[in-house]
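Peer 1: Our numbering puts the first residue of the sequence shown at 421, with every later residue one more than the last.
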Amino acid sequence: MFRHIQTLRRTRFALTALMTLGACLPVMQAAHKPPKSPKSPRLYIFDCGTIHTKDGDAYSLKKEEMASTEMAIPCILVAHPKGTLMWDNGDIPDRAFPAGGGPAAAGVVTQDKPLLPQLAAVGYEPADITYLSMSHYHGDHVANANSFAGSTWLVRKVERDRMFSDVPIPRSDPANYNLLKNSKTVIIDKDEWDVFGDGKVIIKSTPGHTPGHTVLYLNLAKTGPVVLSGDLYHYPEERTLGRLPVAEFNKEQTAASRAELEVFLKKTGAQLWIEHDMLGNAKLKKAPAFYE
Ligand SMILES: [Zn+2]
């Protein structure tokens with residue numbers, strides 16, 4: 421009997437402990453703290469899928485000229501001592517993934533894991549993101565923009581105007597970025613916008629693919645200077661063979677932006693990382709690893 425009472429007491433204690441823990445859980449979740457600011461900028465590259473393109477026709481490239489016709493889709497986070505910047509953020513919005521995770525497919529795009537769990541795995545939630553800026557408004561760069569509507573949006577006026585004009589954008593779904601309309605917004609009015617004021621994270625104007633297309637320059641302490649291309653180029657062969665995509669917003673502008681970027685790369689000594697470059701992307705470290 422004594423033993424029986426002891427067991428009962430233990431069970432009751434265990435139950436009370438479990439219930440107390442359960443009551444604490446929401447509090448523990450609410451107490452999320454972002455990771456400590458790094459001492460120098462860090463670049464995280466997340467896997468946001470692959471575009472299974474079958475040829476290079478839209479980019480004036482023949483299949484036999486290309487190392488790969490497929491395109492990588494990286495999602496990009498920069499953590500700086502003074503804040504964070506979310507850059508391009510995927511093609512398939514997290515809400516389109518099956519409950520409990522991936523994979524997901526949309527058109528010719530496949531993706532293994534949604535973005536926010538990948539961000540969470542390196543310690544960040546959307547509320548921790550200071551700035552949102554995207555190379556441009558096409559669908560494969562803005563899928564999760566609405567998740568960062570609470571951040572400050574850095575955008576060129578012509579790009580924002582086009583996103584909220586009545587004429588539909590052929591390669592983008594406004595339902596993925598419509599909340600940005602009411603976001604705290606800073607209109608970028610300089611060709612080189614210094615995000616944190618120390619020259620280490622610069623959004624550079626490169627119009628043509630879209631009216632307000634931009635690339636991202638990073639000066640990393642160990643890696644050195646790097647430019648993330650947005651869609652100024654899709655394939656490395658566009659650069660080596662001098663080809664332009666067929667359906668640019670303004671082809672002449674793209675050509676001029678490319679020429680200007682070559683001067684910038686020489687001046688800064690920066691490497692150019694073409695975001696969609698399938699083989700180039702495959703060689704890059706992915707989060708939770710980072711470049712610094
Ligand atoms: Zn793209």
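Virtual Cβ for every residue (Gly too), placed ideally from N, Cα, C.
Please check the pair G570 and P594, which I expect to be a contact at CB under 8 Å, by giving their CB distance rounded to whole angstroms.
Peer 2: Wrong, their Cβ atoms sit about 19 Å apart, outside the cutoff.
Peer 1: Using 10 angstroms around the beta-carbon of D521, count the other beta-carbons present and answer buried if the total reaches 16, otherwise exposed.
Peer 2: Before going further, note that residue 521 is Gly rather than Asp in the sequence given. Result: exposed.
Peer 1: Taking just the CA atoms, how far does P656 sit from K482?
Peer 2: Going by the C-alpha atoms only, they are around 13 Å apart.
Peer 1: Tell me whether the beta-carbon of R582 lies closer than 8 Å to the beta-carbon of P518.
Peer 2: Not a contact, by the Cβ cut-off of 8 Å.
Peer 1: Note down, in chain order, each residue of its chain lying with its Cβ closer than 6 Å to the Cβ of W613, except the 5 sequence neighbours on either side.
Peer 2: I623, listed in sequence order.
Peer 1: When the distance is taken between beta carbons, is L704 closer than 8 Å to I496?
Peer 2: Their beta carbons are not under 8 Å apart, which means I496 does not touch L704 by this criterion.
Peer 1: Along the chain, where does the beta strand (DSSP E) containing E545 start, and where does it finish?
Peer 2: Looking at the DSSP string, E545 is not in any beta strand (DSSP E), and its letter there is neither H nor E.
Peer 1: How is T473 classed by DSSP in three states: helix, strand or coil?
Peer 2: Looking at T473 - three-state DSSP - the assignment turns out to be coil, as it is neither helix nor strand.
Peer 1: Buried or exposed: which applies to D475, given that a residue is buried once 16 or more other Cβ atoms fall within 10 Å of its Cβ?
Peer 2: Its Cβ having fewer than 16 others within 10 Å, D475 is exposed.
Peer 1: Grouping DSSP H, G and I as helix and E and B as strand, with all else coil, what is N639?
Peer 2: If DSSP states are grouped into helix, strand and coil, N639 belongs with the strands.
Peer 1: In whole angstroms, what separates the C-alpha of S553 from that of I608?
Peer 2: Between S553 and I608, the C-alpha separation is close to 10 Å.
Peer 1: Using DSSP's beta-bridge definition, name the partner residues of L704.
Peer 2: Bridge partners of L704: none, in fact.
Peer 1: Pop quiz: E712 and R462 are said to be a contact at Cβ under 8 Å. What is the actual Cβ separation, rounded to whole angstroms?
Peer 2: That belief holds up - the Cβ atoms of E712 and R462 are roughly 5 Å apart, short of 8 Å.
Peer 1: Could you tell me how far apart the beta carbons of H696 and M491 are, in whole angstroms, since I believe they sit closer than 8 Å?
Peer 2: With a Cβ gap of about 4 Å, H696 and M491 count as contacting.
Peer 1: Can you name the start and end residues of the alpha helix (DSSP H) that M486 belongs to?
Peer 2: Segment: none, M486 is in no alpha helix (DSSP H) and carries neither H nor E.
Peer 1: Please return the same chain residues whose Cβ sits closer than 6 Å to the Cβ of V562, not counting the five positions on each side in sequence.
Peer 2: If we look at V562 and ignore the five residues flanking it on each side, its Cβ neighbours are M554, N596, Y597.
Peer 1: Could you give the DSSP three-state label for T626: helix, strand or coil?
Peer 2: Residue state, collapsed to three classes: coil.
Peer 1: By DSSP, does G442 sit in helix, in strand, or in coil?
Peer 2: Confidence at G442 is low in this model, with a pLDDT of 42, below 50, so its placement is unreliable and no value can be given for it.
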